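For the sequence shown, our numbering gives the first residue as 290, with consecutive numbering after it.
For each residue, glycine too, the CB sits at the ideal point set by N, CA and C.
Here the structure is a predicted model, which is why all the values come from computation and not from measurement.
Data first, discussion second: the structure below is written as structure tokens.
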Amino acid sequence: MSGHGTPIPMTARSGHPLSGTANVPGDKSISHRSLILGALSVGETRVTGLLEGEDVLDTAEAMRAFGAQVERDGAAWVIHGVGVGGFREPEDVIDCGNSGTGVRLIMGCMATSPITATFTGDASLRSRPMGRVTDPLGLFGTQAFGRKGGRLPMTIVGAKDPVPVRYELPVPSAQVKSAILLAGLNAPGQTVVVEREATRDHTERMLRGFGAHVQVEDAPEGRVIILDGEPELRAQTIVVPRDPSSAAFPVCAGIIVPGSEVLVPNIGLNPTRAGLFATLREMGADLVFENMREEGGEPVADLRARFNGALKGVEVPPERAASMIDEYPILSVVAAFAEGPTVMRGVKELRVKESDRIDAMAKALRAAGVEVEEGPDWWIVHGRGADGVEGGVVAETRLDHRIAMSCLILGMAARKGMGVDDGSPIATSFPVFETLMGGLGASLSRE
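The structure is reproduced here in structure tokens:
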């Protein structure tokens, strides 16, 4: 699949129980950060388990453009870094494809170097607002020149004499937090980020692993992250755990497709990422964590998901949203097969992802025969029970990989299946999705 090429219509058909082991790709968040922090380090960083989807490969290419050596060596990726403040000015435009994480983190890591870089991406990424990142980066002395509304293509002029900043996040966003912390690496003194709601903390954990001094404190105003600027980052050996956001798809398929039992091994269960799995258990899903352990400072387990046909709708606590923001589309699919309403609040971030994910999934579910209510910051899916979803339609994916995969999982359990107008964006995060689900017994076809 190619997220940048000809559309690939796809169809999923029901009636095929799923069974077997689903070896999902490496964690996308950690893969991006491994490449970036490796490029900002001194020495050779080796990474195994890297997600080789288009989003991450675009970040690897960007690090090369800034002067790092990034090469695949057998099963590993090797990065020879240039050190904090060592980036050179790219000779060409940086194309981040479909990746909001990639472009925002890369903007952060070059924002306090005296260089200029221009960023672009695909149609979906060019429609997404960048002001939430460029506004706080401006406090360091960085300048940003983009299209109306703060959209790509955008040129970032790095600060020549950066100053440390203190910034309180107006909305929970690990991307914004990470961009500010990466910018703070090349600023003197301490850079401070305050988040009222905790978001995924891979950046803080990995910065410490690479040798930066990062303190995290609980204060009345929220979680306070303090970074000491101008460290010398030391190259590391990294084993990337498997992606919980990718695991969500075979796990949820195992839960809603009659007769299924699926094992998804080696999944990272960082508490800032595991909200979906807690919610599924509250809904009555037969989801078991096996072989619980810790790898590289991150909790890991094997997930076993079985169909039991006894799901019930729940109200998801709004404070859980940050730990599962990417999983709401597939959760809405599970909710469609539950009894009663599933209420999701505090989710306005979904409106500005690769697509307006609330609108996209609401339209797909309604077309499949499911009642959905929605507002600016909430939505409610009225479940129809284990065998009550009709399906039989083609959903618009809007260049959004998670919409495409969610609708195909819906088709595996809906009575009349489900199609999508374009499955090509799936390659950005889960290039083996089609093969993996087919190996479990799913009926997936390209039209």
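Once DSSP output is grouped into helix, strand and coil, what is the label at residue i?
{"i": "ALA311", "result": "coil"}
{"i": "ILE404", "result": "coil"}
{"i": "SER732", "result": "strand"}
{"i": "VAL622", "result": "helix"}
{"i": "THR480", "result": "strand"}
{"i": "ILE544", "result": "helix"}
{"i": "PRO425", "result": "helix"}
{"i": "PHE434", "result": "strand"}
{"i": "ASP384", "result": "strand"}
{"i": "GLY598", "result": "coil"}
{"i": "ALA702", "result": "helix"}
{"i": "GLY327", "result": "helix"}
{"i": "PHE538", "result": "helix"}
{"i": "ARG322", "result": "helix"}
{"i": "HIS690", "result": "helix"}
Residue i lies in the alpha helix (DSSP H); which residues open and close that run?
{"i": "ALA653", "result": "646-656"}
{"i": "ASP347", "result": "343-354"}
{"i": "ILE297", "result": "Unbroken run through ILE297: none, as it is neither H nor E."}
Using the Cβ count rule (16 or more neighbours within 10 Å means buried), how would you classify residue i?
{"i": "GLY664", "result": "exposed"}
{"i": "HIS502", "result": "exposed"}
{"i": "GLU638", "result": "buried"}
{"i": "LYS437", "result": "exposed"}
{"i": "ASN580", "result": "exposed"}
{"i": "GLY304", "result": "exposed"}
{"i": "ARG489", "result": "buried"}
{"i": "THR348", "result": "buried"}
{"i": "ASP507", "result": "exposed"}
{"i": "PHE722", "result": "buried"}
{"i": "PRO755", "result": "This structure does not reach residue 755, given that the chain is present from 290 up to 736, and the question cannot be answered."}
{"i": "ARG655", "result": "exposed"}
{"i": "LYS642", "result": "buried"}
Taking the alpha-carbon of residue i as reference, which of the options has the nearest alpha-carbon?
{"i": "LEU592", "options": "ARG704, ASP532, GLY674", "result": "ASP532"}
{"i": "GLY708", "options": "MET396, GLU679, THR724", "result": "GLU679"}
{"i": "ALA476", "options": "VAL454, ALA508, GLN464", "result": "VAL454"}
{"i": "CYS740", "options": "ALA412, ILE647, MET572, GLY511", "result": "This structure does not reach residue 740, given that the chain is present from 290 up to 736, and the question cannot be answered."}
{"i": "THR401", "options": "GLU506, GLY602, GLY447", "result": "GLY447"}
{"i": "MET352", "options": "CYS398, GLY315, GLU685", "result": "CYS398"}
{"i": "GLU493", "options": "PHE434, GLN464, GLY548", "result": "GLN464"}
{"i": "GLY430", "options": "ARG417, LEU441, THR405, THR409", "result": "THR405"}
{"i": "ALA524", "options": "ARG322, HIS321, THR334, ARG302", "result": "THR334"}
{"i": "PHE596", "options": "GLU587, SER535, ALA624, VAL551", "result": "VAL551"}
{"i": "VAL392", "options": "LEU522, LEU471, PHE578, GLU510", "result": "LEU471"}
{"i": "TYR456", "options": "PRO714, ILE515, VAL336", "result": "ILE515"}
{"i": "SER388", "options": "SER713, ASN555, LEU346", "result": "LEU346"}
{"i": "GLY356", "options": "ILE325, ARG512, ALA365", "result": "ILE325"}
Would you kindly report the start and end of the unbroken beta strand (DSSP E) that includes residue i?
{"i": "THR631", "result": "628-634"}
{"i": "GLN257", "result": "An answer regarding residue 257 cannot be provided, because it is not within the stretch 290 to 736 covered by the chain."}
{"i": "ILE669", "result": "667-673"}
{"i": "ALA594", "result": "587-595"}
{"i": "GLU506", "result": "503-508"}
{"i": "PHE566", "result": "Careful: PHE566 lies outside any beta strand (DSSP E), inside the alpha helix (DSSP H) at 564-571."}
{"i": "ILE514", "result": "511-517"}
{"i": "MET613", "result": "Where MET613 is concerned, there is no enclosing beta strand (DSSP E), given that its DSSP letter is neither H nor E."}
{"i": "LEU576", "result": "575-584"}
{"i": "ARG335", "result": "333-337"}
- Message: My parser needs the alpha helix (DSSP H) runs of 4 or more residues fully inside the region 447-501; what are they?
- Response: 463-473, 491-498
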